[in-house]
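Below is one structure, written out as structure tokens; comments come after it.
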Amino acid sequence: MKKFELLLTFLKLPLDAVLILLAFLAAYFFRAQLEIVPVIYLWPVSKYLSFVLKLLPFWIFVFILEGLYATRLKSFSRELSSIFIAVSSSMALTVVWIFLTKTDFFSRLIIIFAFIFAFVFVLLGRVFWRLLNSFLYRLGFLARGVILVGDNGITLQLQFLIKKNKHLGLKVLEVVKPGEVERLEEVLQRNGRADEIIVSDLSLSQNQILTLIDLAEERHLVFKQVPSIYELKRLGLEMSWFLDFPLMELKKTPLDGWGKILKRLFDLVASLFSLLLLSPVFLVVAILIKMDSRGPIFYWNERVGAEGKFEVIKFRSMKIEYATGERYGGLKALSLEEELIKKQNVREGGLYKIKDDPRVTKLGRFLRRSYLDELPQLINVLKGDLSLVGPRPHQEREVRHYLKDYNRVMAVKPGITGLAQISGASDLSVTEEVRLDNYYVENWSFFLDLLIIVKTFGALRRRRMAE
């Protein structure tokens, strides 16, 4: 259902593009017919249309940034506000573009009319979309699966209201009693179409609620609760309403929905461009590795990400017999690594950094200092295992030491660089790294990714100077 919901949301893009185009055309012809102010000069329709088509991608990009393509419907008042901000910002960018490119644009009235028509047309388009959604909900399509947790009057009332108000697009899949919270994971596996967990019983303990929140984060489900104590706001919950019921809702991260798609598109383009640009560097490093020591050019190491285990690719920087992994040094290499961790580890909290690692080759030390050994991870980014920016990809044995606070971080794709990495990841405690990674996930934006990438080069330069 989530994929179908995302597909339907995606269809808003061409709808908005058509409506914006119609708004500009309506403004053009309205100005042409307006007799109050004489028309001195108008572009031919073909030239004007070409100009508007160039504007459309910028308008749609602003609409995306304003959250107009979120998979879940906002309240009408919030969507109205978002449409006004998006149209105003887009028109402001249009005016700036006309000024900077010194376009011989002919009529300020067309700008004013286009702004009014664009706002009205897009708004009417969203009203139509809401009516269409409501119609499909009533027919039983697109309904979001709900797991109710509770065994009281509120639970029964919510169950009745959800069944009665089909236009809300919800369907109760199962009701779980408070004493059965422990089997909720089994319930979710059985009901693969679940989208939301709603806790309607105030008798649940705080530990039970935290368990449910962790489960919702791991499975990317919406979590809502009938409020009992307002201290729950500290858990990252915000107030929402379901008919006459107040509900506390777990905040979604910006990386849910369109943020995830925008990030993936950037990863694809940037990684492919970087691999092409750096291909001569790959060739030189590969030759040097072969000249330096026997063994393969690349080292494949198992890590854990949002979608399970995967192998991260690096240039080999160790002697092959000391590299961990079944295809390399095997159990003997793993035993040596564990011994080195006990004696020479300079990090705490389950993570490790071996000081003066004797397993590293001479060339390997240079590759690690210059971070050239990590360049092949661009292949992981292209494949979709990694992102350019994100939390550090960890080994399975490190994940075992994670706190519950890291659940949200583990639900997003790890990255080559990130907030923790540019803040001195190898010198941070686990708590500090978790705090930075959580901040990144909860406050992600496309511009934050760009800022981190720029700062990565500065951080690399500072580390080389320090060494």
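Going by my numbering, the letters in the sequence shown line up with residues 37 to 503, in that order.
Using N, Cα and C, we set each Cβ at its ideal position, and we do this for glycine too.
Given residue i as reference, the closest of the options once Cα atoms are compared
{"i": "residue 94", "options": "122, 106, 213", "result": "122"}
{"i": "residue 415", "options": "454, 68, 351, 58", "result": "351"}
{"i": "residue 449", "options": "340, 120, 472", "result": "340"}
{"i": "residue 53", "options": "82, 155, 114", "result": "155"}
{"i": "residue 332", "options": "496, 69, 359", "result": "359"}
{"i": "residue 394", "options": "376, 403, 47", "result": "376"}
{"i": "residue 334", "options": "356, 160, 227, 243", "result": "356"}
{"i": "residue 79", "options": "92, 65, 70, 317", "result": "65"}
{"i": "residue 457", "options": "309, 473, 447", "result": "473"}
{"i": "residue 69", "options": "232, 146, 120", "result": "146"}
{"i": "residue 489", "options": "137, 336, 451", "result": "451"}
{"i": "residue 192", "options": "135, 294, 213", "result": "213"}
{"i": "residue 342", "options": "420, 365, 319", "result": "420"}
{"i": "residue 353", "options": "208, 428, 406", "result": "406"}
{"i": "residue 185", "options": "216, 120, 133", "result": "216"}
{"i": "residue 290", "options": "491, 484, 313", "result": "484"}
{"i": "residue 426", "options": "61, 410, 477", "result": "477"}
{"i": "residue 309", "options": "431, 174, 418", "result": "418"}
{"i": "residue 172", "options": "158, 206, 150", "result": "206"}
{"i": "residue 241", "options": "311, 368, 261, 224", "result": "261"}
{"i": "residue 336", "options": "311, 344, 410", "result": "410"}
{"i": "residue 256", "options": "244, 392, 231", "result": "231"}
{"i": "residue 479", "options": "160, 292, 324, 150", "result": "292"}
Length of the line joining the Cα atoms of residue i and residue j
{"i": "residue 270", "j": "residue 400", "result": "Residue placement at residue 270 is poorly supported in this model, since its pLDDT is 45, which falls under 50; the coordinates are not used for a value here."}
{"i": "residue 203", "j": "residue 104", "result": "21 Å"}
{"i": "residue 475", "j": "residue 454", "result": "11 Å"}
{"i": "residue 412", "j": "residue 349", "result": "6 Å"}
{"i": "residue 487", "j": "residue 129", "result": "22 Å"}
{"i": "residue 266", "j": "residue 82", "result": "With a pLDDT of 43 at residue 266, under the threshold of 50, the modelled position of this residue cannot be trusted; read the value that follows with caution. Cα-Cα distance, rounded: 59 Å."}
{"i": "residue 459", "j": "residue 259", "result": "32 Å"}
{"i": "residue 168", "j": "residue 297", "result": "24 Å"}
{"i": "residue 268", "j": "residue 467", "result": "In this prediction, residue 268 scores a pLDDT of 45, lower than 50, which makes its location untrustworthy; no coordinate-derived value is stated."}
{"i": "residue 140", "j": "residue 96", "result": "24 Å"}
{"i": "residue 111", "j": "residue 247", "result": "29 Å"}
{"i": "residue 196", "j": "residue 366", "result": "59 Å"}
{"i": "residue 432", "j": "residue 338", "result": "8 Å"}
{"i": "residue 124", "j": "residue 45", "result": "22 Å"}
{"i": "residue 200", "j": "residue 136", "result": "56 Å"}
{"i": "residue 175", "j": "residue 165", "result": "15 Å"}
{"i": "residue 311", "j": "residue 305", "result": "10 Å"}
{"i": "residue 495", "j": "residue 224", "result": "43 Å"}
{"i": "residue 428", "j": "residue 469", "result": "9 Å"}
{"i": "residue 373", "j": "residue 48", "result": "53 Å"}
{"i": "residue 345", "j": "residue 369", "result": "21 Å"}
{"i": "residue 219", "j": "residue 132", "result": "58 Å"}
{"i": "residue 90", "j": "residue 492", "result": "34 Å"}
Any non-hydrogen atom of the ligand GDP within 6 Å of residue i CB
{"i": "residue 392", "result": "Because no ligand of any kind appears in the structure shown, any question about the ligand GDP cannot be addressed here."}
Boundaries (first-last residue) of the alpha helix (DSSP H) holding residue i
{"i": "residue 84", "result": "81-101"}
{"i": "residue 467", "result": "466-478"}
{"i": "residue 226", "result": "220-226"}
{"i": "residue 206", "result": "Where residue 206 is concerned, there is no enclosing alpha helix (DSSP H), although the beta strand (DSSP E) it sits in stretches over 206-212."}
{"i": "residue 451", "result": "Per DSSP, residue 451 belongs to no alpha helix (DSSP H); it is in the beta strand (DSSP E), 451-453."}
{"i": "residue 250", "result": "242-254"}
{"i": "residue 447", "result": "Note, residue 447: premise wrong, no alpha helix (DSSP H); not H, not E."}
{"i": "residue 391", "result": "Per DSSP, residue 391 belongs to no alpha helix (DSSP H) and is neither H nor E."}
{"i": "residue 52", "result": "48-69"}
8 Å contact criterion, which residue i and residue j should meet: CB distance rounded
{"i": "residue 88", "j": "residue 57", "result": "6 Å"}
{"i": "residue 182", "j": "residue 234", "result": "6 Å"}
{"i": "residue 67", "j": "residue 126", "result": "With a Cβ gap of about 19 Å, residue 67 and residue 126 do not count as contacting."}
{"i": "residue 504", "j": "residue 408", "result": "Coverage of the chain is limited to positions 37 through 503, which leaves residue 504 absent and any answer about it impossible."}
Distance CB(residue i)-CB(residue j) smaller than 7 Å
{"i": "residue 210", "j": "residue 227", "result": "yes"}
{"i": "residue 423", "j": "residue 303", "result": "yes"}
{"i": "residue 236", "j": "residue 190", "result": "yes"}
{"i": "residue 397", "j": "residue 307", "result": "no"}
{"i": "residue 63", "j": "residue 120", "result": "no"}
{"i": "residue 115", "j": "residue 162", "result": "yes"}
{"i": "residue 59", "j": "residue 157", "result": "yes"}
{"i": "residue 118", "j": "residue 102", "result": "yes"}
{"i": "residue 294", "j": "residue 148", "result": "no"}
Extent of the continuous beta strand (DSSP E) run through residue i
{"i": "residue 259", "result": "258-261"}
{"i": "residue 177", "result": "Taken as a continuous stretch (DSSP letters only), residue 177 belongs to no beta strand (DSSP E), as it is neither H nor E."}
{"i": "residue 350", "result": "344-351"}
{"i": "residue 137", "result": "Per DSSP, residue 137 belongs to no beta strand (DSSP E) and is neither H nor E."}
{"i": "residue 339", "result": "334-341"}
{"i": "residue 315", "result": "No beta strand (DSSP E) holds residue 315; the alpha helix (DSSP H) holding it covers 315-328."}
{"i": "residue 234", "result": "230-235"}
{"i": "residue 424", "result": "423-425"}
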